[in-house]
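Undergrad: Numbered per the numbering used here, the sequence shown finishes at 521, counting up by one with no gaps.
For glycine and all other residues, C-beta sits at the position ideal for the given N, C-alpha and C.
Computed from a predicted model, the values in this text were never measured in an experiment.
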Amino acid sequence: MSRFLLIMTVLLTVSPLRAPLALASEAMHFHARPGNGLALTPPMGWNSWNHFGCNVSAALIEREARAMVASGMKAAGYRYVIIDDCWQAGRDANGNIYPDRKRFPQGIKPVVDYVHALGLKFGIYSDAGGQTCQGRPGSRGHEYQDALQYARWGVDYLKYDWCNTGGLRPREAYATMSDALRASGRPIVFSLCDWGVRKPWRWGAAAGGNLWRTTHDIWDAWSGQHGFSIGVMNILDLQVGLAGYAGPGHWNDPDMLEIGNGGMTDAQYRAQFSLWAILAAPLIAGNDLAHMDAATRTILTNDEVIAVDQDRLGIEGRRVYRQGDAEIWTRPLVGGGEAIVLLNRGTRPLRIRVTWSELGLPAYLPLRLRDLWRHKDLPVATGSVTFPVAPTSVIMLRETPVRPRS
Ligand code: GLA
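1) Give the DSSP-derived three-state secondary structure of His341 in the structure shown.
2) Taking the C-alpha atoms as reference points, what is the distance between Val504 and Gly168?
3) Strictly by DSSP, which residues pair up with Thr515?
4) State the beta-bridge partners of Trp161 as determined by DSSP.
5) Identify, in the order they occur along the chain, each residue of the same chain with its Cβ nearer than 7 Å to the Cβ of Ala137, setting aside the five sequence neighbours on each side.
6) With a threshold of 8 Å, establish whether the CB of Asp215 neighbours any heavy atom of ligand 2.
7) Would you please state the rounded distance, in angstroms, between the beta carbons of Thr156 and Gln425? I believe it to be under 8 Å.
8) For a test of your reading of the model: does the CB of Thr247 fall under 8 Å from any non-hydrogen atom of ligand 1? Yes or no.
9) Suppose you measure from the CA of His257 to the CA of Leu283; what does that come to, to the nearest Å?
10) Using CA coordinates, which residue listed in Glu473, Pro220 and Lys189 is at the minimum distance from Gln203?
11) Could you spell out where the alpha helix (DSSP H) holding Glu419 opens and where it closes?
12) Give the C-beta separation of Asn402 and Gly375 to the nearest angstrom, bearing in mind that I take them to be a contact with Cβ-Cβ under 8 Å.
13) For ligand 1, any of its heavy atoms closer than 8 Å to the Cβ of Phe305?
14) Could you give the DSSP three-state label for Thr501: helix, strand or coil?
15) Go ahead and label Gly459 buried or exposed: buried means 16 or more other beta carbons lie within 10 angstroms of its beta carbon, across all protein chains shown.
16) Taking 8 Å as the cut-off, is the C-beta of Trp164 nearer than that to any heavy atom in ligand 1?
17) Does DSSP classify Ile223 as helix, strand or coil?
18) For ligand 1, is there a heavy atom less than 8 Å away from the beta-carbon of Arg328?
19) Quick one: using the 10 Å Cβ neighbour count with 16 as the cut-off for buried, is Ala208 buried or exposed?
20) Suppose you measure from the CA of Tyr384 to the CA of Gly210; what does that come to, to the nearest Å?
21) Count the CB pairs spanning the segment 275-293 and the segment 236-247 that are closer than 8 Å, and state whether there are at least three.
22) Could you tell me the distance, in whole angstroms, from the CA atom of Ala134 to the CA atom of Asp370?
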């Protein structure tokens, strides 16, 4: 045996060295997947989980899809009707996944066709592990078979969860499913859901993802923790520092909207919507669209806030000021303006002052300001502006520099 072979044999058999060597070779062999050209602005839609949990059926999905159209949400830009966990019942002798036959008596395909006939798109859920978070069959070992099945059904979007994944590496497991989706030949938006545990913002796009969850599940509350789930302010804090990872085709996902689910006030729901728009977050409603009140509908269909979310520059906003309970978040927009959110996190009313230096602008510059919740232009301002902000709420503005007259 040559000295080189001897050294290599020793290196490969001495157990403490094997794991690092394996890791290094895997890192070397991982190749970044090219983008799929989808989700050039953050996806908008509805998902069954936040409101209905496991209580999903063909009738429910079709009802919610109809409501998406009738409520004006489709006109406002919402497209994906996404069925989350619990649609799956088992695999047949050939390993093909099939749905719960009581809840989906005709199978999945007619539901997808129904959603498509309304001019909407259809999303489905699976898990990288052997079982989903609710113990239904996951896609582990069936990735290509499942992707092909979704494509045959006409699926347009896949949310891919991370329960029961012992022994799997997230980047590689997600890349396998993204390869499978690509091989299916159908354009399918790919939503990664490892709850931010393995910092998916660092590798999610390279693994073929269009969006990746950055946190554990949302809880329908302003702040605090409830088991695995956390409130809106907790989620917000975890977005700091992630803006540079987002862009057209690959977005940070701070989880779905809770607007209309009853755990927060309308002002708090306006805050979630405003902050998600500043964050260039996917806008996935999580309420019962068929039974929403006027306030909920008004929030979810605010076209000026949605325009911020969908701004085609695709630059995620950042927190530029924080003192006590007062925060200012800004997001650059196409055409040279910015969206601004003044946030009062606390329980006392505050006056929040925005100075032009926080906006990265010279103090002398006159700005046009528009209030995106009151739908009103405000007087042209120079240097700074101050707004009263009620407890646990926001003011959302859009600024545009006043163009010099020619
Ligand atoms: C996880 C996900 C949720 C939801 C449930 C379904 O908790 O993070 O968004 O999909 O699983 O079981």
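TA: Result, derived from the coordinates:
1) strand
2) 35 Å
3) Arg483
4) Val196 and Ala400
5) Caution applies to Ala137, whose pLDDT of 45 falls short of 50 and renders its modelled position unreliable; the model cannot decide the point.
6) For the structure depicted, ligand 2 is absent and the ligand set comprises only ligand 1.
7) 4 Å
8) yes
9) 14 Å
10) Pro220
11) Asp418 to Asp424
12) 3 Å
13) no
14) strand
15) In the sequence under discussion, the amino acid at residue 459 is Asn, which differs from the Gly named in the question. Asn459 comes out buried.
16) yes
17) coil
18) yes
19) exposed
20) 43 Å
21) yes
22) Any reading at Ala134 must be qualified, since the residue scores a pLDDT of 39, below 50, and its modelled position is unreliable; the value itself is stated next. Straight-line Cα distance between these residues: approximately 34 Å.
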